[in-house]
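According to the working numbering, the sequence shown is numbered sequentially starting from 550. Where a beta carbon is used, it is the ideal one built from N, C-alpha and C, also for glycine. Model, not experiment: these values are computed from the prediction.
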Amino acid sequence: MNKKKYFAFLVCMFSMVYSGSLVAQPQGHEHVVTPPAGKPESEGARIVSGFKFKPLNFVPPKVERVVLENGMVVYLLEDHDLPLFNITARVRTGAVYEPPEKAGLASMTGYVMRSGGTMSMPADKMNEELEFMAASVETSIDRESGSVNLSALKKDIDKGLKIFADVIMNPAFPEEKIRMRKDEVIESIRRENDNPSQIAHREFRRVLYDSKHPYSRKIEGTLETIEKITREDMISFHKNYFRPNNSIFGISGDFNKDEIIRKLNAVFSGWKKEEVCFPEVPKVESRFEKSVYYVYKDINQANVIMGHLGIQRRSPDYFPVMLMNFILGGGSFTARIPGRIRSDEGLAYSAYSAFQTARDLGIFFVACQTKSESTNRAISIALEELEKICKTPVDKEELVQAKETFVNQFIFRFTTSASIVAQKVDIEYEGLPLNYLETYLENVQVVTQNDIQRVARKYLHPDKIRILVVGDREKFDKPLDSFGKVNVIELK
């Protein structure tokens, strides 16, 4: 068996052994102890667990990095297996830079950049051209970044690049397309209160962050702010941030490096380096206080979300925090919170915890949907597990499985050249060390049981947690005020 086939065999074996762990969740008070994670439960699992393998020595593929004269950073990875070509651009922009009275400006700009066509090519004509080539161009702007993507066949690189560059540099923003998008967003906002889960996550963000901070806002905006956005606002927003020296490109597929750089210089010849003005974004105020919030909704289930501020993406404790959360509630059904709430007591199909990282302090939360009659019980179990992981060191077996799962998942991040290049773009965009992928496995393996307990104590605050519940409290097993004074949120 050659090395390539042997590696594929190892990946297959790993995925079968730990398949339960690879499914991560995005979405009386006696403690029933679950079996230690990683302990084989069946004869087949016991046999497989006895297999011995050499330590995985996986080296990520080499991606080239160049900087063009206009300041554009470009990552390139040639892959000639298939006649495909992909290019992605990340632009430093986002909803954090829009005026609060015009919330939704960034998201709308990112959408109409593509849907509205360009100064030289109307949207309908662009759609026809791309459809004929079986190609796609997509644009978007989220909370802290913007992106433009092109996917095309090798034979259509020239045509695809021309459209791609035109969309980036010369979007038309026609009034009729702006109006169409506004109507779509307004209708979506009006329907939000039909979805209890959307209500919970929207309101939780509002109670967690100061109302003046952009992290507290929805990137889609509100009914009031959407109507205030003008075409001139969108043109100005685009012009300020879409600059070559404010962009990172990633190119993968069937191309020649020298040739593609010449093509980039040609299609972006009119795109000049220019200083970008970034409005000041206030620091997130690090405050923790216990509070309870309730939103009435006439439903048979309770949507629960509880948590507090978390960590930044560049936190030096990122790896131990992510491993700790895997054990706590991020590791599918083998994790502690879903293990107890879902598997042991059957209170909810979905129960999980997560750290959402951002440029500033992100969010740690536990979420579940449970029967109204078990609302208090589900919240109590989650709080018990938070306290336990802070007070008691995790089992060695739990940490071993968490590490092995992270290693296994790491391998699958390199299945396509496009995904590899996208990771390199993200790493530079987030300001992470450029050797992040090369040191990833080492950073996972060096985490100890003491590290897990240290970060649990540092970043988890079960005594200062915010609890938000959407449902009908008349049906709850116990009043919510057993967790503290209840603040009622009225839906608008």
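Sequence-distant residues of the same chain with beta carbon closer than 6 angstroms to Pro1011, five excluded per side: Leu932, Leu935, Glu936
Closest to Val943 by C-alpha separation, out of Glu922, Ala927, Asn874, Ser656, would be which residue? Asn874
Return the Cβ separation of Lys821 and Asn619 in integer angstroms, given the expectation that the two are a contact with Cβ distance under 8 angstroms. 7 angstroms
Around the Cβ of Phe753, are there at least 16 other Cβ atoms within 10 angstroms (buried) or fewer (exposed)? buried
Considering only residues of the same chain and omitting the five flanking positions on each side of Lys864, which have a CB-CB separation below 8 angstroms? Per the sequence presented here, residue 864 reads as Ser, with Lys not at that position. Cβ within range, chain order: Val870, Thr906.
Give me the Cβ distance between Val841 and Lys674, rounded to the nearest whole Å; I'm assuming they're in contact under 8 angstroms. Actually they are not in contact, since the Cβ atoms of Val841 and Lys674 sit about 55 angstroms apart, beyond 8 angstroms.
Would you report the Cα separation of Ile636 and Ser694, rounded to the nearest angstrom? 16 angstroms
Applying the 10 Å Cβ sphere with the 16-neighbour rule, what's the burial state of Gln998? Around the beta carbon of Gln998, a 10 Å sphere encloses fewer than 16 other beta carbons of the protein chains shown; the residue is thus reported as exposed.
Could you tell me how far apart the beta carbons of Thr924 and Ala851 are, in whole angstroms, since I believe they sit closer than 8 angstroms? 4 angstroms
Three-state class that DSSP yields for Glu979 in the structure shown: coil
Cβ pair Thr667, Pro723 closer than 8 angstroms: For Thr667 and Pro723, no; Cβs fall outside 8 angstroms.
Could you tell me the alpha carbon to alpha carbon distance between Lys973 and Leu877, rounded to whole angstroms? 29 angstroms
Assign Ser700 to one of three DSSP states: helix, strand, or coil. strand
Own chain partners of Ser1031 with C-beta closer than 7 angstroms, once the 5 adjacent residues on each side are dropped: Only Asn925 meet the Cβ criterion.
Using DSSP's beta-bridge definition, name the partner residues of Leu1017. Tyr842, Ile854
Cys939, DSSP secondary structure in three states: helix
Report buried or exposed for Gly819, applying the criterion of at least 16 other Cβ atoms within 10 angstroms of its Cβ. exposed
Is the beta carbon of Phe817 sitting closer than 8 angstroms to the one on Ala684? no
Decide if Asn957 is buried, meaning its Cβ has at least 16 other Cβ atoms within 10 Å, or exposed. buried
Quick check for students: name the residue ranges of the alpha helix (DSSP H) that lie wholly in the stretch 713 to 781, counting only runs of 4 or more. Within the stretch 713 to 781, the complete alpha helix (DSSP H) runs of at least 4 residues are 724 to 740, 745 to 757, 772 to 775.
For Gly911, which residues from the same chain have a beta carbon less than 6 angstroms from its beta carbon, with the 5 sequence-adjacent residues on both sides left out? Excluding residues within five positions, the ones whose Cβ falls inside 6 angstroms are Gly859, Gln905.
Give the single residue among Gly599, Val622, Gly593, Ile596 whose Cα lies nearest to the Cα of Leu983. Considering only alpha carbons, the answer is Val622.
Apart from the five residues on each side of it in sequence, which residues of its chain come closer than 6 angstroms, Cβ to Cβ, to Lys889? This sequence places Arg at residue 889; Lys is not what is there. Counting only Cβ-Cβ distances below 6 angstroms, and skipping sequence neighbours, we find Ile930.
Quick check: what's the CA-CA separation for Ile712 versus Ser664? 13 angstroms
At least 3 beta-carbon pairs within less than 8 angstroms: the stretch 646 to 661 vs the stretch 759 to 774: They touch, by the three-pair rule.
Please report the straight-line C-alpha distance between Leu986 and Asp1021, rounded to a whole angstrom. 47 angstroms
Reference Phe791; option with closest CA among Gly593, Ala655, Lys1013, Ala897: Residue Ala655 is the option with its Cα nearest to Phe791.
In the DSSP assignment, the beta strand (DSSP E) including Thr919 goes from what residue to what residue? 912 to 920
Looking at C-alpha atoms only, which residue of Leu631, Asn795, Val825, Gly643 is the closest neighbour of Leu617? Asn795
I'd like the list of long-range same chain contacts for Ser746, defined as Cβ closer than 6 angstroms, with 5 residues on each side in sequence excluded. Asn852
List the endpoints of the continuous alpha helix (DSSP H) containing Tyr989. 985 to 994
When DSSP labels each residue in this structure, what does Leu1029 get in the three-state scheme? In this structure, Leu1029 counts as helix in the three-state DSSP scheme.
Hey, would you say Asp1026 sits closer than 8 angstroms to Glu922, going by beta carbons? yes
Rounded to whole angstroms, what is the Cα-Cα separation between Gly659 and Ile690? Take the alpha-carbon of Gly659 and the one of Ile690: they are about 5 angstroms apart.
Here's the rule: buried if 16 or more other CB atoms are within 10 angstroms of the residue's CB, otherwise exposed. What is Tyr898? With fewer than 16 Cβ atoms within 10 Å of its Cβ, Tyr898 is classed as exposed.
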